[in-house]
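Structure record follows, encoded as structure tokens.
Protein chains: 2
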Amino acid sequence: MSERFGERVRAALQARGPLCVGIDPHAALLAAWGLTDDARGVREFGLRTVEAASGRVGFVKPQVSFFERFGSHGIAALEEVLAAARAAGLLVIADAKRGDIGSTMDDYARAWLTPGSPLEADALTVSPFLGVGALAGTFDLAEQQGKGLFVLAATSNPEAESLQRSTDTTGTTVSASIVAEVSARNAALSPRGEWGSIGFVIGATVDWAAAGIVPFAPSAPILAPGFGAQGAAPTDLRPRFGEMSDTVIASESRSILSAGPADLAEAISTRATEYLEVAGV
Amino acid sequence: MSERFGERVRAALQARGPLCVGIDPHAALLAAWGLTDDARGVREFGLRTVEAASGRVGFVKPQVSFFERFGSHGIAALEEVLAAARAAGLLVIADAKRGDIGSTMDDYARAWLTPGSPLEADALTVSPFLGVGALAGTFDLAEQQGKGLFVLAATSNPEAESLQRSTDTTGTTVSASIVAEVSARNAALSPRGEWGSIGFVIGATVDWAAAGIVPFAPSAPILAPGFGAQGAAPTDLRPRFGEMSDTVIASESRSILSAGPADLAEAISTRATEYLEVAGV
Chain A
1 MSERFGERVR AALQARGPLC VGIDPHAALL AAWGLTDDAR GVREFGLRTV
51 EAASGRVGFV KPQVSFFERF GSHGIAALEE VLAAARAAGL LVIADAKRGD
101 IGSTMDDYAR AWLTPGSPLE ADALTVSPFL GVGALAGTFD LAEQQGKGLF
151 VLAATSNPEA ESLQRSTDTT GTTVSASIVA EVSARNAALS PRGEWGSIGF
201 VIGATVDWAA AGIVPFAPSA PILAPGFGAQ GAAPTDLRPR FGEMSDTVIA
251 SESRSILSAG PADLAEAIST RATEYLEVAG V
Chain B
282 MSERFGERVR AALQARGPLC VGIDPHAALL AAWGLTDDAR GVREFGLRTV
332 EAASGRVGFV KPQVSFFERF GSHGIAALEE VLAAARAAGL LVIADAKRGD
382 IGSTMDDYAR AWLTPGSPLE ADALTVSPFL GVGALAGTFD LAEQQGKGLF
432 VLAATSNPEA ESLQRSTDTT GTTVSASIVA EVSARNAALS PRGEWGSIGF
482 VIGATVDWAA AGIVPFAPSA PILAPGFGAQ GAAPTDLRPR FGEMSDTVIA
532 SESRSILSAG PADLAEAIST RATEYLEVAG V
């Protein structure tokens with residue numbers, strides 16, 4: 001794995017466009033798919049979604065909580081799903097939103113980003129509540145392994161606004177500070193303007209001006225939930241993300257998964273095409 | 282499980298004092314204990330720590346990342362440790378710092394707080410980066426099941442200061458907002474001044490005035506890392522926590538675990554006694 005994660009994201013976006021298929025086997029979807037509400041059900045759900053996504057999109061994003069609900073058996077199911085997705089050539093973003101300090105955080109990073117680890121993914125979502133600085137060891141580990149991170153920066157849910165728009169003594173919002181700190185690190189590792197491997201989670205419905213965030217350099221992947229069932233359409237991508245549009249990974253889950261297993265591949269193809277048209281690749 | 286978590290914490294504090302033994306099987310400690318750096322090693326480490334803690338303290342706090350590092354086999358080991366600790370009558374705080382929104386967060390809560398779930402604990406640490414409001418479903422689920430939560434409010438690590446001391450439009454710090462929002466909820470559920478079941482993580486070395494937080498009512502458990510190897514001593518408990526001292530669960534990990542398996546029970550007894558003396562129970 002010599003190529004850095006940011007560059008692999010760029011290649012995947014160019015080849016397949018921005019759609020990322022969320023793998024969210026929550027109870028209602030398991031029932032709708034005729035699957036059992038247990039570890040066997042989430043395994044089957046995940047493997048079928050990987051099969052349908054393979055060759056049609058560049059990215060999948062398993063949501064860890066839906067597997068963790070079933071304890072070690074659910075995590076074993078997730079391991080199979082992760083391995084199948086990577087074997088299919090998909091870039092796999094483990095949506096776990098882990099966040100801690102020091103050696104504790106380092107071991108989360110090892111769990112998800114070490115080649116050969118049973119939970120190996122290509123990238124992991126992480127939470128900066130304990131400070132971006134507390135993720136330093138995780139950044140190092142990801143870089144060493146050619147892996148990526150997506151740091152929660154500005155989420156779409158209204159309950160998050162008060163916290164994420166709070167300001168420090170210089171008047172900088174929490175979201176803006178996160179973007180600035182991570183971008184400085186990406187810049188240090190991207191002397192020739194390569195894409196950074198530490199990206200951000202920025203919701204598709206976030207008002208950048210209100211959140212205090214501005215376009216950043218070097219380019220880094222933006223994982224954008226909020227498309228599909230949460231309200232944003234493919235045609236919203238360029239108006240919402242402006243000059244950062246080319247780095248957006250648009251994540252949809254329920255809007256696609258609700259097609260059901262028989263029609264899933266077609267639903268993914270249709271939606272992927274809609275994104276490719278607006279992406280203008 | 283008719284008694285609410287907050288009241289069970291109060292009873293445990295009165296019976297055994299504030300010491301909580303962290304179960305942190307990181308690689309260096311596994312080596313020092315002569316255990317293998319794999320799922321079998323963390324299982325053995327956890328079970329021996331539970332055995333040594335049993336009858337000597339009221340609380341244990343397994344750190345999930347050190348088990349998650351080994352994927353599903355590590356999580357299976359954690360399930361055994363959780364079950365053994367609960368069977369021994371210890372109150373078990375799963376230190377997982379999970380944080381997400383909506384049905385995703387709800388499933389984390391189900392994983393850790395549902396009676397009969399393989400990962401059942403008595404309480405879970407959670408992160409409010411997506412807003413305290415995003416945890417509403419988790420609060421409901423915990424209450425229904427007689428379980429507890431510890432919401433990250435003010436951590437001791439210096440990297441966290443800038444974010445956690447940022448202020449909203451009313452000048453309230455992030456930490457203070459979290460304490461206020463959770464306390465309002467506890468108050469609604471504690472009409473006769475019973476202890477709340479949603480507690481906080483507030484580091485032992487946090488400067489409450491600088492963090493903008495003040496004593497709160499009704500009483501709710503404070504899980505306080507930062508004792509032991511991180512710098513605070515049992516005699517610091519009352520000076521640091523003032524009128525909230527009686528609700529503090531003082532968490533120590535490395536300082537105790539470094540005693541090694543043969544001397545662990547004695548190390549726990551000695552330290553528990555030191556806390557009982559300052560707690561003045």
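Taken in order, these protein sequences are the chains called A and B. Heads up: the first sequence begins at 1 in my numbering, then just goes up one per residue. Heads up: the second sequence begins at 282 in my numbering, then just goes up one per residue. Where is the CB? At the ideal position from N, CA and C, for every residue including glycine.
The residues R16, G17, L19, R56, V57, in chain order, have a CB closer than 8 Å to that of A272 of chain A in the same chain once the five nearest residues on each side in sequence are set aside.
In this structure, A77 of chain A places its C-beta atom within 7 Å of the C-beta atom of F67 of chain A. For H73 of chain A, the closest of B:A543, B:P399, B:I374 by C-alpha to C-alpha distance is B:P399. Its chain contains T205 as the residues whose beta carbon lies nearer than 7 Å to that of G231 of chain A, once the 5 sequence neighbours on both sides are disregarded; these appear in chain order.
Contact annotation: I304 of chain B and G322 of chain B have beta-carbon atoms that are not nearer than 7 Å.
Residue pairing of T454 of chain B in beta bridges, as defined by DSSP: B:T448.
For Q425 of chain B, no chain A residue has a C-beta closer than 9 Å to its own C-beta; the minimum C-beta separation is roughly 16 Å. Listed in chain order, the positions of the stretch 340-360 of chain B with a beta carbon within less than 7 Å of a beta carbon of chain A are Q344, S346, F347, E349, R350, G352, S353, I356, A357, E360. Every unbroken stretch of the beta strand (DSSP E) spanning 3 or more residues and falling wholly within the stretch 356-409 of chain B is given here in chain order: 372-379, 404-407. DSSP places I537 of chain B in the helix class (H, G or I) of the three-state scheme. The CB of P409 of chain B comes closer than 8 Å to the CB of F129, L163 in chain A, given here in chain order. Interface annotation, I382 of chain B: in contact with chain A, CB-CB separation under 7 Å. The stretch 178-194 of chain A makes no contact with the stretch 405-417 of chain B, as fewer than three CB pairs between them are under 8 Å. Here A217 of chain A is exposed: its Cβ has fewer than 16 other Cβ atoms, across all protein chains shown, within 10 Å. At a cut-off of 7 Å between beta-carbon atoms, K378 of chain B makes contact with chain A. Between G199 of chain A and chain B, the shortest Cβ-Cβ separation is not below 7 Å. The alpha-carbon separation between D122 of chain A and Q63 of chain A amounts to approximately 14 Å. Rounded to whole angstroms, the gap between the alpha carbons of A209 of chain A and G34 of chain A is 44 Å. For G133 of chain A, the nearest beta carbon of chain B is closer than 7 Å to its own beta carbon. Contact between V460 of chain B and F481 of chain B is confirmed by a C-beta separation of about 6 Å, below the 8 Å threshold. Here DSSP, grouped into helix, strand and coil, assigns I494 of chain B to coil. For a Cβ distance threshold of 9 Å, nothing in chain B lies close to L47 of chain A: the least Cβ distance comes to about 16 Å. Identification of chain B residues near E252 of chain A by a Cβ-Cβ cut-off of 9 Å yields none; the smallest Cβ-Cβ distance measures about 15 Å.
Looking only at B:A375, B:E288, B:V362, B:P496, the smallest Cα-Cα distance to S526 of chain B is reached by B:P496.
Under DSSP, V201 of chain A shares a beta bridge with A:L152, A:L223.
Taking the Cα of L141 of chain A as reference, the smallest distance to any Cα among A:D107, A:A229, A:E79, A:L30 is reached at A:D107.
Assigned with DSSP and collapsed to three states, G22 of chain A falls in strand.
Boundaries of the beta strand (DSSP E) around P343 of chain B: 340-343. Between the stretch 188-202 of chain A and the stretch 152-163 of chain A, the count of Cβ pairs shorter than 8 Å is three or higher; the stretches touch.
From the beta-carbon of P118 of chain A, the residues of chain B found nearer than 9 Å are F351, G352, S353, H354, G355. The Cβ neighbour count for P221 of chain A, taken over all protein chains shown within 10 Å, is at least 16; the residue is labelled buried.
Sequence-distant partners of G474 of chain B (beyond 5 residues in either direction) whose C-beta falls short of 7 Å from its own C-beta, in its chain, are P499.
Burial check for E159 of chain A: the Cβ neighbour count within 10 Å reaches 16 or more, so the residue is buried.
Listed in chain order, the non-local C-beta contacts of I268 of chain A below 7 Å within the same chain comprise V21, A52, A53, R56, V57, I256, local neighbours out to five positions each way being set aside. Residues of the stretch 146-162 of chain A with a C-beta less than 7 Å from any C-beta of chain B: L152, T155, N157, E159, A160, S162, listed in chain order. According to the DSSP assignment, F67 of chain A belongs to the alpha helix (DSSP H) that extends over 65-68.
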